[in-house]
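A quick write-up on the structure given underneath.
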Amino acid sequence: MEGTKNPRALESSDSGHREFSKILSISQGGKKMSNSDHPFASPNPAGLMVLSFFLIGLFPLAIGIAPPTLATVLVPLGFAAGLVQFAVGIIELRNGVIVGGNIMLGFSLFCFMGMWSDLLKPLHLMPANTAPVTGYVYTAMAIYMICFTLPAFHKSLMNTIFMITTDIFFLGTGLGQLFGVPIFATIAAWSLVPIVISAMWQAIGEVLNTQFGRTVVNQGPPLLSNKVQRVNSLPVK
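Residue numbering for the sequence shown follows our numbering, beginning at 48 and increasing consecutively.
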C-alpha cells in the first residue's frame, strides 16, 4: 500500500548509509568530517609543489647555464604558480594558518611579477633593467620573510631550512639588484637549491604523513623547544 514502509527496505537503506559512512571515513584517514572541521584539507603541499616547479625553471637561468631567451618558459609556470599559491593562501587563512597563508599570498605576487616581467620584456613593453624598482620590492619581501621565520624554528628542521634559505634568496636578490654586487645575485641563485629540496621534502612529507596517519617522511625536530603556542586566528564560535 502507498505510504507503507517496508522494514527490510529501511534496514537495507540504513546498512547502505552505514557502509558509505565507513568508506568515507577510511578515505579521510579514519576521521569523519564534522560541522566544526575545516572544509578543506591542507593545501600547503600544492603551494610548495608549484613553487618548486617555478624555481626549478628559474635556477638554470639564474646561474647562467640557460640562455636568457628561455625565460619565456617561466611565463606559463609563473601564471599557474601564482594562481595556485593565491588559492592556497586564501584556503590557509580560512583554516586559520596565518603565517603560511600570508606567505603563500606573498609568493603568488612574485610568481605573477616574474611572469609579467618575462612576458613584457621580450615584447619591449617593459625596460630590460627594472632593478632600481624591483630591488626594493625583493628587499621588502626579505624583511617580511625574516620576521616570519621565527615560527619555523618551533615547527621542524625542514621548515626552518626552507624559511632561512628563502630569506637568503629574497635578501640576496634585493641587495644584488639595488647595489649591483654580483656576489649577492650568485648567493641568491644557489640558495634556490636548498629551497627547492626543502619545499619538495615538506610537500611529500605532509601528504604521505597525513594520508597514512603516521610519520612516513620525517621533517626533522624543531630547532627551538615548542613553547610558543600556535594560536588559530579564526574566532571561536
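Glycine included, C-beta positions come from ideal geometry on N, C-alpha and C.
Taken in chain order, the complete alpha helix (DSSP H) segments of 4 residues or longer contained in the region 204 to 235 are 204 to 226. In the pairwise beta carbon analysis, the region 246 to 263 is classified as touching the region 193 to 212: at least three pairs are separated by under 8 Å. Relative to I234, the option among G104, A109, L102, S89 whose CA is nearest is A109. In the DSSP assignment, Q258 falls within the alpha helix (DSSP H) that extends over 239 to 259. The alpha helix (DSSP H) runs of length 4 or more contained entirely in the region 136 to 179 are, from start to end of the chain, 145 to 167. With at least 16 other beta carbons inside 10 angstroms of its own, G148 counts as buried. Contact annotation: V122 and M96 have beta-carbon atoms that are not nearer than 8 Å. Counting along the chain, V263 sits inside no alpha helix (DSSP H), nor does DSSP assign it H or E at all.
Counting the other CB atoms within 10 Å of its CB gives V180 a total below 16, which places it among the exposed residues. Here the C-alpha atom of G125 lies approximately 6 Å from the C-alpha atom of F101. Going by DSSP, V97 is part of the alpha helix (DSSP H) stretching over 91 to 109. Around the Cβ of N91, a 10 Å sphere holds 16 or more other Cβ atoms; the residue is buried.
For N256 and L270, the gap between their C-alpha atoms comes out near 21 Å. Proximity of the region 133 to 142 to the region 162 to 175 falls short of the contact definition, fewer than three beta-carbon pairs being nearer than 8 Å. Between L218 and T186 the beta-carbon gap is near 7 Å, inside 8 Å, which marks them as a contact. Remark: C-beta atoms of S99 and M192 do not approach each other more closely than 8 Å. For A199, the uninterrupted alpha helix (DSSP H) segment begins and ends at 197 to 200. Shown here, A128 sits in a helix according to DSSP, grouped into three states. The beta carbon of P107 is closer than 7 Å to those of A113 in its chain, skipping five residues each way along the sequence.
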